[in-house]
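Input: a single structure, listed below in structure tokens.
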Amino acid sequence: MKGTKIYYKKTKMKSPIMIVGLPGIGNVGSLVCEHVRDSLGAKRFATLNSPHFLHQTIMLKNGGMRLINNRFYYKENKKNTIVILLGDTQAGTPEGQYDVNEMIVKFFKSLGGKRIYTIGGYNAGGQFVHNPRVFGVATNKALRKELKSKGVIFGKAAGTIWGSAGLIPAFARKNGLEGACLMGETAMLEIDATAAKAVLDVLKKLLGIEISLDNIDKIKKETERLIKEVEDAQKAHEFPPQSKENLTYIR
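Heads up: the sequence shown begins at 12 in our numbering, then just goes up one per residue.
This is how it looks when you write it as structure tokens:
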């Protein structure tokens with residue numbers, strides 16, 4: 012395979028809006044977009060393959076196999092079409108990141124898309140956050156004002172945004188689209204359902220859709236239970252506090 016390619020089935024869409032949730036900090040983006048896809052019953056219509064992805068294949072339950080990829084889903088609403096991008100991985104090099112993410116933006120623009128939201132996690136400094144905030148950056152003042160009215164916090168987060176979560180909004184602006192990154196405050200857990208739920212609450216308002224939170228609430232409660240066990244054990248001196256950084260709370 013030479014170069015990054017997107018294979019897709021032509022689909023009519025009405026004012027599409029895309030949300031992107033690829034693997035990253037706390038898997039917040041993946042968890043959010045998986046729940047949106049499942050709640051809406053979105054259907055897959057496109058697949059992105061790239062030599063910039065790891066040289067791996069995924070074994071399937073039926074004994075088959077497939078290339079690591081990124082996948083596009085869509086769901087028609089009354090006012091627009093919601094496009095959801097999920098995937099197994101991101102490109103592993105700077106060159107690959109630029110190549111893949113600009114292609115994603117150009118593909119979405121070819122569908123008639125005008126706005127993209129990427130979802131990620133924002134490192135809260137290692138402490139578990141019981142009531143996470145949602146931080147944001149956006150490509151224009153009007154969009155920032157709209158997101159702020161839905162509870163997104165601007166100007167308080169600092170640093171850099173790695174990978175697709177940051178590059179896709181940047182390429183959106185370069186290609187004449189609106190883009191924003193929504194970041195749930197997370198303590199760098201393997202799977203942070205608490206941060207994901209905070210972002211989902213914002214997305215429900217932004218997109219005007221109903222999203223089932225039942226399953227994510229179960230994961231959230233289990234996460235909180237495990238965190239409490241760790242904190243209680245630390246207080247009882249059952250293991251040194253510094254070892255907390257090496258724990259994996261969810262498998």
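A virtual CB, placed ideally from N, CA and C, is assigned to each residue, including glycine.
Please read these numbers as outputs of a predicted model, since none were measured by experiment.
- Just measuring C-alpha positions, the residue of Ile-227, Ser-26, Ile-202, Glu-45 sitting nearest Lys-125 is Ser-26.
- Burial state of Gln-101 is buried, judged by a 10 Å Cβ sphere holding 16 or more other Cβ atoms.
- Distance between Ser-175 and Leu-59, taken at the CA atoms: about 14 Å.
- Here the alpha carbons of Leu-218 and Arg-155 stand approximately 15 Å from one another.
- By the C-beta density criterion, Thr-129 is buried, having at least 16 other C-beta atoms within 10 angstroms.
- Distance check between Asp-49 and each of Lys-120, Ala-181, Leu-96 places Leu-96 closest, using alpha-carbon atoms only.
- Rounded to whole angstroms, Asp-225 and Lys-13 show a C-alpha spacing of 43 Å.
- Minimum Cα-Cα distance from Met-29 among the listed residues Lys-208, Ile-93, Ala-135, Gln-67 corresponds to Ile-93.
- As DSSP reads the structure, Tyr-128 sits in a beta bridge with Ile-30, Ala-191.
- Annotation note: the region 150-227 contains the following uninterrupted alpha helix (DSSP H) runs of length 4 or greater, listed N- to C-terminal: 152-160, 175-185, 204-218.
- Secondary structure at Leu-97: strand, using DSSP grouped into helix, strand and coil.
- Annotation for Ile-36: no beta strand (DSSP E) segment contains it, and DSSP assigns it neither H nor E.
- Taken through DSSP and simplified to helix, strand or coil, Arg-77 comes out as strand.
- At least 7 Å separates the beta-carbon of Ile-220 from that of Asn-38.
- In terms of Cβ geometry, Asn-81 and Phe-182 do not form a close pair [threshold 7 Å].
- Taking the CA atoms as reference points, His-66 sits about 16 Å from Lys-16.
- Judged by DSSP secondary structure, Lys-117 falls within the alpha helix (DSSP H) whose first and last residues are 105-121.
- Selection Gly-123, Ile-36, Cys-44, Asn-186 evaluated against Asn-91 yields Gly-123 as nearest (Cα-Cα).
- If you draw a straight line from the Cα of Gly-132 to the Cα of Gly-177, it is about 11 Å long.
- Per DSSP, the beta bridge partners of Val-145 are Gly-195.
- By the C-beta density criterion, His-141 is exposed, having fewer than 16 other C-beta atoms within 10 angstroms.
- The three-state secondary structure of Leu-65, taken from DSSP, is coil.
- Going by C-alpha positions, Ala-169 is about 42 Å away from Lys-72.
- Between the alpha carbons of Gly-107 and Ile-227 lies a distance of about 32 Å.
- Relative to the Cα of His-63, the nearest Cα in the group Gln-138, Asp-110, Lys-208 belongs to Asp-110.
- Around the beta carbon of Pro-105, a 10 Å sphere encloses fewer than 16 other beta carbons of the protein chains shown; the residue is thus reported as exposed.
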